[in-house]
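Last residue of the sequence shown: 249 in UniProt numbering, with the numbers rising by one and none dropped. Have a look at the structure below, then the notes.
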Amino acid sequence: MGNCCKTVPEDLVDFLRCTPFFKIDEALLEDLGRSFERQYFPANKELWTEGMEDIKFTIIASGEVRLVHKLENKRSIIIQKEKGQCIGYEALNNKFLKVNYSATAIVDTYCYQLEFDALSRFWRSHSLAQEIFRKCHVIPLDSYLRKMNIFKSLNDEQSVLLANMFKWKILKQGETLFEEGEYGNTLYLVAIGCVQVMAKVTKENEDAEMVAFELEKANSTTNENENENENKNENGGDEILTTQIAGVG
């Protein structure tokens, strides 16, 4: 059966909407989905081993996958990926370098996998879609991270490891990432679009003022597309600091 007649699972299209391909037209997403192959990996089966070159861009459809990166001091960094998350971003750019981490199914796992050759055939048929994809500017993510001041000292191996720790999160316009007062232990990297950050400053909350200032200062040195506003709360007279953080895509 040729790809033109291949049925695309609905969950694969949903997954693709939360990957670097999400800006591509819906019909083309389905067409791209026909280039993926569904694979089964029983528990403890390796998707690939450290040192391999022929890895594939992989979306986890169900189950869990463990990435293990061995360090020079005989310690390891372990990253766990679950349903809907992706691994093997290197394969999207024909970066056939030997990977410095292994990937193993923790439990029985199904994955959708895309070979670079299949992606190349898709791009040749849909040049406009390829241009849209390239304009995202965040793939390869490891290269993008090294352009940021806080990560510029990373080497190739470290940047790939860090890139694997990120996962894509697509927010619709008006959707809130987190509320004031919530405990946060996550670093958010705005890749595409714009996020507005608001901090309420009161006389009793000097820490909030300092956090807002540091955020404002950091963005002013790395992002020219930001906009800042200050306004007063009519009821309590509290000062509201607002800054907009724009992505590069």
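A virtual CB, placed ideally from N, CA and C, is assigned to each residue, including glycine.
Check whether cysteine 18 and isoleucine 60 have beta carbons under 8 Å apart: no
Practice task
Would you mind reading off the limits of the beta strand (DSSP E) that contains glutamate 10?
Solution key: Premise fails: glutamate 10 lies in the alpha helix (DSSP H), 10-16, not in any beta strand (DSSP E).
Distance check for glutamate 131 and tryptophan 48, CA to CA, integer angstroms please. 30 Å
Q. Who pairs with tyrosine 112 in a beta bridge, going by DSSP?
A. Arg38, Ile59
Report task. Could you tell me which residues DSSP puts in a beta bridge with leucine 67? Result -> Ile79, Ala103
Open item on the list: Assuming contact is defined by CB atoms lying nearer than 8 Å, are glutamine 80 and arginine 66 in contact in what I supplied?
Closed with: yes
ask   = Would you call the region 98-108 and the region 19-34 in contact, with 3 or more CB pairs under 8 Å?
value = no
ask   = Does any residue of chain D bring its CB to less than 8 Å from the CB of leucine 28?
value = The structure shown has no chain D; it contains just one protein chain.
(request) Determine the direct distance from the alpha carbon of lysine 200 to that of leucine 171, and round the result to whole angstroms. (result) 23 Å
### Message
I believe phenylalanine 41 touches alanine 105 by the beta-carbon criterion, under 8 Å. Please report the beta-carbon distance rounded to the nearest angstrom.
### Response
4 Å
Pick from Ser153, Asn185, Ser125: whose alpha carbon is nearest that of aspartate 31?
Ser125
### Query
Between Phe36, Gln39, Glu72, which lies nearest to glutamate 157 when the distance is taken from Cα to Cα?
Glu72
Is DSSP giving tryptophan 168 helix, strand or coil here?
-> coil
Rounded Cβ spacing between leucine 154 and leucine 141 (contact assumed at less than 8 Å): That pair is no contact at about 12 Å.
Discussion item. On a Cα-Cα basis, can you pick out the residue from Ser159, Asp11, Gly193 that is closest to glutamate 175?
Written reply: Gly193
(message) Which residues does DSSP list as the beta-bridge partners of glutamate 46?
(response) Thr104
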